[in-house]
Structure formats: structure tokens, C-alpha cells
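S.K.: Numbering of the sequence shown is given in the working numbering, commencing with residue 8 and proceeding in unit increments. Submitted below is the structure of interest, expressed as C-alpha cells.
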Amino acid sequence: MTRDFWQRLGKSLMTPISLIAAAGIFLGIAAVLQNPSIVGESFVEMTAVQNVIGLIRALAGSIFGNLPVLFAVAIAFGLARKEKTTAAFSGVIGFLLFHITIQYLLQINGITAATYSVDALMEAGLTELEATQTASQYETVLGIFSLRMNVFGGIIVGMLVSFLHNKFHTIDLPTAISFFGGKRFVPIITTVSVPFLAIAMYFIWPFFGAAIEATGNLIAQTGLLGTFLFGFLERLLIPTGLHHILNQLVRFTPIGGIAEIDGNQVVGALNIFNTSLAQDAPDLGIMAESTRFLAQGKIPFMVFGLPAAALAMVRVAYQEKKKDVKGLMSASGLASFTTGITEPIEFSFIFVSPILFIFHAFMAGLSFMLMDAFGVVIGNVQGGVIDLFVFGILQGTNTNWFWAVLVGLIYAPVYYFVFKTVIIKRNVLTPGRDSNDDEIEIDTVSNVSEDQLGEAIVKGLGGAGNIESIDNCFTRLRLVLGDTGLVDEEALKKTGAAGTVKLDETNYQVIYGPKVENIAPKVKGAANYHEE
Numbered sequence: 008m009t010r011d012f013w014q015r016l017g018k019s020l021m022t023p024i025s026l027i028a029a030a031g032i033f034l035g036i037a038a039v040l041q042n043p044s045i046v047g048e049s050f051v052e053m054t055a056v057q058n059v060i061g062l063i064r065a066l067a068g069s070i071f072g073n074l075p076v077l078f079a080v081a082i083a084f085g086l087a088r089k090e091k092t093t094a095a096f097s098g099v100i101g102f103l104l105f106h107i108t109i110q111y112l113l114q115i116n117g118i119t120a121a122t123y124s125v126d127a128l129m130e131a132g133l134t135e136l137e138a139t140q141t142a143s144q145y146e147t148v149l150g151i152f153s154l155r156m157n158v159f160g161g162i163i164v165g166m167l168v169s170f171l172h173n174k175f176h177t178i179d180l181p182t183a184i185s186f187f188g189g190k191r192f193v194p195i196i197t198t199v200s201v202p203f204l205a206i207a208m209y210f211i212w213p214f215f216g217a218a219i220e221a222t223g224n225l226i227a228q229t230g231l232l233g234t235f236l237f238g239f240l241e242r243l244l245i246p247t248g249l250h251h252i253l254n255q256l257v258r259f260t261p262i263g264g265i266a267e268i269d270g271n272q273v274v275g276a277l278n279i280f281n282t283s284l285a286q287d288a289p290d291l292g293i294m295a296e297s298t299r300f301l302a303q304g305k306i307p308f309m310v311f312g313l314p315a316a317a318l319a320m321v322r323v324a325y326q327e328k329k330k331d332v333k334g335l336m337s338a339s340g341l342a343s344f345t346t347g348i349t350e351p352i353e354f355s356f357i358f359v360s361p362i363l364f365i366f367h368a369f370m371a372g373l374s375f376m377l378m379d380a381f382g383v384v385i386g387n388v389q390g391g392v393i394d395l396f397v398f399g400i401l402q403g404t405n406t407n408w409f410w411a412v413l414v415g416l417i418y419a420p421v422y423y424f425v426f427k428t429v430i431i432k433r434n435v436l437t438p439g440r441d442s443n444d445d446e447i448e449i450d451t452v453s454n455v456s457e458d459q460l461g462e463a464i465v466k467g468l469g470g471a472g473n474i475e476s477i478d479n480c481f482t483r484l485r486l487v488l489g490d491t492g493l494v495d496e497e498a499l500k501k502t503g504a505a506g507t508v509k510l511d512e513t514n515y516q517v518i519y520g521p522k523v524e525n526i527a528p529k530v531k532g533a534a535n536y537h538e539e
């Protein structure tokens with residue numbers, strides 16, 4: 008598979024993740040407002056208010072309970088190059104048919120929700136442990152009894168549907184049946200093809216699932232070392248954008264843990280945390296085993312470390328450029344502090360200083376390991392101060408949130424000292440230290456007005472004729488170009504780019520930070536690029 012595929016897959020995965028992050032915040036606030044030890048018994052006894060809070064909690068919980076279909080639709084939509092709405096529609100069809108096919112195969116073999124419940128298996132002679140382990144291999148998805156694949160089932164369905172869509176959405180059929188050609192053919196070929204995928208997975212999944220579970224057990228057995236390696240690798244993959252793939256593996260597969268909650272097996276770190284949070288009396292022990300891969304490991308370096316690094320880069324900038332660098336780093340530091348979006352800062356040093364990049368990755372791994380060692384219980388996915396406040400401070404001292412702050416207070420001076428020392432001693436060309444006066448135009452548009460921004464970026468990318476595809480994630484423009492050699496990086500920096508990444512001869516990324524959501528439509532308009 009090409010780099011372009013993995014880049015687009017990573018971006019597609021972030022669509023449901025953004026929804027999960029928002030729903031998680033609502034779930035966390037609702038959990039606080041229903042906790043008598045925090046808000047008091049009198050507030051908890053206010054029936055009307057608690058009913059509203061309970062509804063919010065139920066709505067947020069429903070999102071976590073239907074993640075597989077959300078992933079199927081998001082990936083089918085995200086990987087489709089044209090006619091994305093048709094792809095999304097076909098994704099729903101494919102997901103339903105996938106699990107209905109598996110349900111039918113299970114029924115043929117006498118495996119149903121009734122015959123494979125824990126009670127039924129115990130009546131058949133299995134011990135309670137054996138019955139629980141056997142029953143946990145299956146789940147009900149949208150009312151369909153199927154193999155327990157969690158979001159993986161949605162991902163593979165979405166990938167197949169997007170492949171079929173990209174291949175057949177422009178197909179021409181004979182005149183007699185031409186009505187069924189083009190985009191109308193995609194749901195049809197999906198209906199024909201997906202059952203074969205389901206049949207294959209019916210036989211393959213037990214082995215694949217066992218391998219994933221074994222990997223999860225291995226990480227669990229390595230304890231703190233496993234937590235460190237996750238945090239270290241997650242940062243190392245930042246330049247490629249493939250850290251999204253690693254994150255999804257721990258969030259939604261047994262690699263991130265397996266837990267039994269209310270008699271149901273829950274797999275994946277984020278699933279375990281959110282399911283636990285929805286309980287009236289969450290088991291902090293179970294939650295701690297899952298949160299070691301979640302927001303808590305990010306808080307020390309996102310809320311404290313990277314903003315301190317940004318300050319160091321301002322201090323070491325040349326005097327005549329400090330004003331511009333301060334504007335850049337203030338915005339970048341605030342994004343990291345509040346939302347956990349770190350790329351605007353990271354892309355200012357990871358390509359110009361391997362030493363600082365490795366140091367940052369090491370400190371990230373150490374942060375994850377220390378939070379695990381201190382028993383911190385802070386979930387969600389972003390890692391900014393919002394997660395610290397909602398899922399740590401508001402949940403009470405039992406979450407040990409204060410360790411994240413204490414470690415962060417140590418991280419801040421360490422980041423500041425290391426960055427300042429390395430930049431000065433090794434003359435690292437961070438923003439404001441290049442002799443080229445244009446270099447500092449990284450996050451400003453002083454030379455480019457808002458109404459000309461799209462045209463300026465298109466020109467910097469080699470012109471509209473050089474642009475084959477335009478997409479974006481939270482922080483980057485993701486482009487497929489005819490020739491990346493035609494790109495003018497200096498021109499792009501003048502438009503506010505924090506950095507660029509050339510993946511190969513055609514795949515290119517331009518990092519703008521959170522404002523990319525407003526920039527992408529301008530670029531598409533200037534390039535006359537349309538997604539049908």
C-alpha cells in the first residue's frame with residue numbers, strides 16, 4: 008500500500024475520533040454532575056436536573072456503543088476520491104451486510120445470542136470462567152449477533168467499500184442497464200462483494216483476534232516499559248501522520264487492554280475508559296489500566312513542556328525577529344496547552360534538530376510511563392488542559408491528577424533549558440534564527456491578504472495544474488501533486504505554514520495548525536478543485 012493510502016486512512020480515522028473526544032468531554036462533565044461526593048447530595052436529588060444530565064450521558068454513551076458503524080462510514084467517506092456521499096451510503100450497507108452474513112454463518116453452526124450467553128454455556132457444562140471467555144468472543148452490533156470485532160470490523164468494511172467505490176463509481180454499463188451504472192453501481196457491487204469478505208473473516212478472525220490479544224498481553228506484561236514504548240513511538244511517528252494508526256490500535260483493540268464491565272467484555276483503552284466513566288460507581292483500578300495509553304501521558308509535555316520549549320525558541324530568536332516569533336509561538340503554545348494540538352510547535356524543530364526530536368520523543372515516553380507508575384487516571388484523547396480539568400481535577404483526587412501537574416512543573420524548566428541550550432550550542436535554525444529575513448514569515452500572513460491566501464498557497468504548490476488532490480486533517484493540508492519538485496517552500500512559509508513534509512514524489516503536506524480548517528476551502532477554491 009502506498010504512503011498516500013496510509014495518510015488518507017489516518018485522516019479518515021480522525022473523523023470519528025474528533026466526535027469521540029467531544030462526546031467524552033460531555034460524558035466526563037455529566038459524570039461529575041451526578042457524583043454526590045463532588046456536587047453534593049442535594050444537587051443529585053434534583054430529579055429534573057438529573058434527568059437532563061442522564062439524557063446527556065445516555066446520548067454520549069450511545070456514540071461509544073456504535074463506534075464500529077461510525078468507523079465504517081468515516082473510512083468509506085474519507086478514502087473515496089469522488090462522490091463521497093455515495094461511498095458513505097455504501098459504507099452503511101456494507102457494514103450491515105457484513106455482520107448479517109456472519110450472523111447467518113454463526114446460526115448455521117448453532118451459535119446464537121441465546122445459546123452462547125454465559126448462563127446457557129454454564130448450563131451446557133462450562134465453568135463460569137470458561138463460559139465468560141467463550142461468550143466474550145461475540146457481541147451484538149446494531150441488533151445483529153456477530154463476532155466481536157469492535158471497530159476493526161468497521162474499518163475493513165470501510166476500506167473494501169472505498170476500494171470498490173473508487174474503482175467502479177464511473178463505470179459504464181450496457182445501454183439496457185445503464186441506469187445502474189456510475190455511482191448507482193457502487194451499492195450494488197458492495198452488496199455482492201461484502202458477503203465474501205464476511206465469509207473470509209468468519210474463518211480468519213479467530214486467529215487474527217487471538218494474535219491481537221496476544222500482543223495486548225505482551226504489552227501488559229511489559230508493564231511500565233510497554234507504556235514508555237507506546238509514548239515514545241507515538242511521538243516518533245508524528246512527522247508521518249501514522250501516529251493515528253498506532254493510537255487507534257491501543258484505543259480500540261485488545262492491545263489497549265481487555266476488561267469486564269457489568270458482565271460485558273470491553274476491549275481497547277478508550278472503550279474501557281468511556282464505558283467505565285458511564286457507570287454510577289466506576290472502578291478506578293480498571294480505568295487506570297486503560298488510561299495509561301490515553302490523555303494523562305500527554306499532559307506533562309503538552310500542557311507544560313512544549314509551551315516552555317516555545318518560550319525558549321522566542322528567547323533565542325534574533326532580536327529583530329523576536330516580535331514575529333513571539334506571535335507564532337504564542338499561538339502554537341496556546342494550541343498545545345488548551346487542545347493538545349502540538350504540530351505547530353513540533354514542526355518548528357523536528358526537521359532541523361534530530362537531537363531535540365529524539366529528546367522530545369523520549370520525554371513523551373517518560374511522561375506516559377510516569378503517569379502509569381503514579382496511578383494517574385485521566386482519560387480522553389487530546390491531552391490539553393481541558394482533559395486535565397474535566398477528566399482529572401473535576402473527577403476528584405482519586406484520579407491522582409496532581410501527579411500530572413507536578414511532573415509537568417518539572418517538565419517545563421527541563422524543556423526550556425534543553426531547548427535553549429541545544430539551539431544555541433548547535434546553532435539550530437528554529438524560527439527567527441535564519442539569516443533569511445523571509446524565514447520568519449512562518450505563521451503570519453502579513454504579506455498575503457486573506458482574500459489572496461488561497462491563490463498564494465496554490466502558486467506555492469506549483470500552480471493549480473500541479474494539484475491532483477486536496478484534503479486536510481486537524482493541522483495539515485494533505486496533497487497529491489503532479490510533481491513535488493515544483494513546490495516553493497519559501498512562498499508557502501509566507502502564507503503561514505509552520506512546516507512542510509515531502510512524503511514522496513507526489514504526496515506532500517503543509518502544516519498550518521488548527522487554522523487549516525479555514526485555509527483548505529480557500530485552497531480548493533483557488534485551485535478550482537471540486538469533490539463531487
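Note that beta-carbon positions come from the ideal geometry of N, C-alpha and C, so glycine has one too. Since this is a predicted model, take the numbers as computed values, not measurements.
Per DSSP, which residues does Tyr145 bridge with? Please list them.
M.R.: Position 138 of the sequence shown, counting from 1, holds the residue named residue 145. Answer by DSSP bridge pairing, in chain order: Leu154.
S.K.: Looking at C-beta atoms only, is the number of pairs between the stretch 301-312 and the stretch 411-422 that lie closer than 8 Å three or more?
M.R.: A contact exists between the stretch 301-312 and the stretch 411-422.
S.K.: Between the C-alpha atoms of Val273 and Ser297, what's the straight-line distance to the nearest angstrom?
M.R.: Start at 1 with the first residue of the sequence shown, and residue 273 comes out as number 266. Start at 1 with the first residue of the sequence shown, and residue 297 comes out as number 290. Rounded to the nearest angstrom, the two C-alpha atoms are 11 Å apart.
S.K.: Any contact between the stretch 345-354 and the stretch 385-396? By contact I mean 3 or more CB pairs, one from each, below 8 Å.
M.R.: Result yes; three or more Cβ-Cβ pairs closer than 8 Å.
S.K.: Measure the alpha-carbon distance for Leu240 versus Phe366 and round it to whole angstroms.
M.R.: Looking up residue 240 in the sequence shown gives position 233. Looking up residue 366 in the sequence shown gives position 359. About 12 Å.
S.K.: If you run the structure through DSSP and keep just helix, strand and coil, what is Lys305?
M.R.: In the sequence shown, counting from the first residue as 1, residue 305 sits at position 298. Coil at Lys305, not helix or strand.
S.K.: Suppose the cutoff is 7 Å on Cβ atoms and the five residues either side in sequence are ignored; what does the same chain contact list for Phe159 look like?
M.R.: The count along the sequence shown starts at 1 and reaches residue 159 at position 152. These residues qualify, in order along the chain: Thr260.
S.K.: If you compare alpha carbons, which of Trp410, Ala266, Pro438, Gln228 is closest to Asn278?
M.R.: To locate residue 278, count along the sequence shown from 1; it is residue 271. Checked all of Trp410, Ala266, Pro438, Gln228; the closest Cα to Asn278 is Ala266.
S.K.: So, are the CB atoms of Gly101 and Val168 less than 8 Å apart?
M.R.: In the sequence shown, residue 101 corresponds to position 94, counting from 1. In the sequence shown, residue 168 corresponds to position 161, counting from 1. Going by C-beta atoms, Gly101 is nearer than 8 Å to Val168.
S.K.: Who are Tyr123's beta bridge partners in DSSP?
M.R.: For the purposes of this step, residue 123 is taken as residue 116 along the sequence shown, with counting starting at 1. Answer is none; Tyr123 lacks a bridge partner.
S.K.: For Leu171 and Ile109, what's the separation of their Cα atoms in angstroms?
M.R.: Here the question's residue 171 lines up with position 164 in the sequence shown. Here the question's residue 109 lines up with position 102 in the sequence shown. Rounded to the nearest angstrom, the two C-alpha atoms are 21 Å apart.
S.K.: Any idea what DSSP makes of Tyr519, helix, strand or coil?
M.R.: Within the sequence shown, residue 519 is the residue found at index 512, counting from 1. Three-state result, Tyr519: coil.
S.K.: Please report how far the alpha carbon of Gly72 lies from the alpha carbon of Lys427, in whole angstroms.
M.R.: Within the sequence shown, numbered from 1, the residue matching residue 72 stands at position 65. Within the sequence shown, numbered from 1, the residue matching residue 427 stands at position 420. One C-alpha to the other measures close to 47 Å.
S.K.: Identify the residues that DSSP records as bridge partners of Ala266: which are they?
M.R.: Along the sequence shown, one-based indexing puts residue 266 at 259. Note: Ala266 sits in a beta bridge opposite Val273.
S.K.: Are Arg155 and Ser476 touching if we call contact CB-CB under 8 Å?
M.R.: By one-based count along the sequence shown, residue 155 stands at place 148. By one-based count along the sequence shown, residue 476 stands at place 469. Not closer than 8 Å, so no.
S.K.: In chain order, what residues of the same chain have a beta carbon less than 8 Å from the beta carbon of Phe409, not counting five sequence neighbours either side?
M.R.: The residue given as residue 409 occupies position 402 in the sequence shown. Counting only Cβ-Cβ distances below 8 Å, and skipping sequence neighbours, we find nothing.
S.K.: Cα-Cα, which of Asp179, Thr234, Phe210, Ile474 is closest to Asn116?
M.R.: Taking the first residue of the sequence shown as position 1, residue 116 is located at position 109. The shortest C-alpha separation from Asn116 is found at Phe210.
S.K.: Which residue wins for smallest C-alpha separation from Val323, given the options Val412, Gly439, Leu499?
M.R.: Within the sequence shown, residue 323 is the residue found at index 316, counting from 1. Nearest of Val412, Gly439, Leu499 to Val323, Cα basis: Gly439.
S.K.: Roughly how many angstroms lie between the CA atoms of Ser124 and Glu146, to the nearest whole one?
M.R.: On the sequence shown, position 117 is the one that residue 124 refers to. On the sequence shown, position 139 is the one that residue 146 refers to. Cα to Cα, Ser124 sits roughly 10 Å from Glu146.
S.K.: Please go through the same chain and pick out, in chain order, the residues whose beta-carbon is closer than 6 Å to the beta-carbon of Thr234, but skip the five residues on each side of it.
M.R.: In the sequence shown, residue 234 corresponds to position 227, counting from 1. So the list reads Arg299, Phe375, Met376, Asp379, once near-sequence residues are dropped.
S.K.: If I follow the unbroken beta strand (DSSP E) through Lys89, where does it start and stop?
M.R.: Residue numbering aside, residue 89 sits at position 82 when the sequence shown is read from its first letter. Per DSSP, Lys89 belongs to no beta strand (DSSP E) and is neither H nor E.
S.K.: Taking the beta strand (DSSP E) that Lys333 belongs to, which residues open and close that run?
M.R.: Residue 333 sits at position 326 when you count from the first residue of the sequence shown. Run containing Lys333: none in the beta strand (DSSP E); it sits in the alpha helix (DSSP H), 329-346.
S.K.: Between which two residues does the alpha helix (DSSP H) carrying Val321 extend?
M.R.: Mapped onto the sequence shown, residue 321 falls at position 314. Start and end: 313-322.
S.K.: Start and end of the alpha helix (DSSP H) containing Gly506?
M.R.: Position 499 of the sequence shown holds residue 506. Where Gly506 is concerned, there is no enclosing alpha helix (DSSP H), although the beta strand (DSSP E) it sits in stretches over 506-509.
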